[in-house]
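Residue numbers (this note's numbering): 1 to 101.
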């Protein structure tokens, strides 16, 4: 199961997302799910890094990523666009992806 959500940060001037886990290969669409969530996470991390060179991007292991960055209008747009994309993947493949609060 892939889980994702907003990074909870005590410093309200920071924002970010995390994506953890792997799709269940016994379930339909696992390859597509892994590709989609990986691309969304990588592109979002690259995007926020353009607006915050001090962004902390963690590639924990294959398929796992999180990042924290300075909260600006640009980074907020990137973060919430990534969450919207992940929400759509979760709607299509609920057996493989879910948001964690």
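We put the CB at the ideal spot given by N, CA and C, even for glycine.
Bear in mind the structure is a predicted one, so any value in this text is a computation, not a measurement.
Given residue 54, which residues of its chain have a CB within under 8 angstroms of its CB, disregarding the five upstream and five downstream residues?
-> Excluding sequence neighbours, residue 54 sits near 69, 70.
In the DSSP assignment, what are the bridge partners of residue 112?
-> Any answer about residue 112 is impossible in this case: the structure gives the chain only from 1 up to 101.
What are the residues that DSSP puts in a beta bridge with residue 29?
-> The partner list for residue 29 (beta bridge, DSSP) is empty, contrary to what the question assumes.
DSSP three-state call for residue 57: helix, strand or coil?
-> Correct three-state label for residue 57: strand.
Supposed contact pair residue 97 and residue 57 - C-beta distance, whole angstroms, cut 8 angstroms = Not really, about 21 angstroms apart at Cβ, beyond 8 angstroms.
8 angstroms Cβ cutoff met for residue 65 and residue 45 | Yes, these two residues count as a Cβ contact at 8 angstroms.
Buried or exposed (CB count within 10 angstroms, at least 16 for buried), residue 25 | The residue in question, residue 25, is exposed, as its Cβ has fewer than 16 Cβ neighbours within 10 Å.
Closer than 6 angstroms by C-beta to residue 93: which residues in its own chain qualify, once you throw out the five before and the five after it? Chain order, please.
-> Only 29, 33 meet the Cβ criterion.
Closest by CA to residue 14, which one among 87, 95, 84, 67?
-> If we check each option's Cα against that of residue 14, 67 comes out closest.
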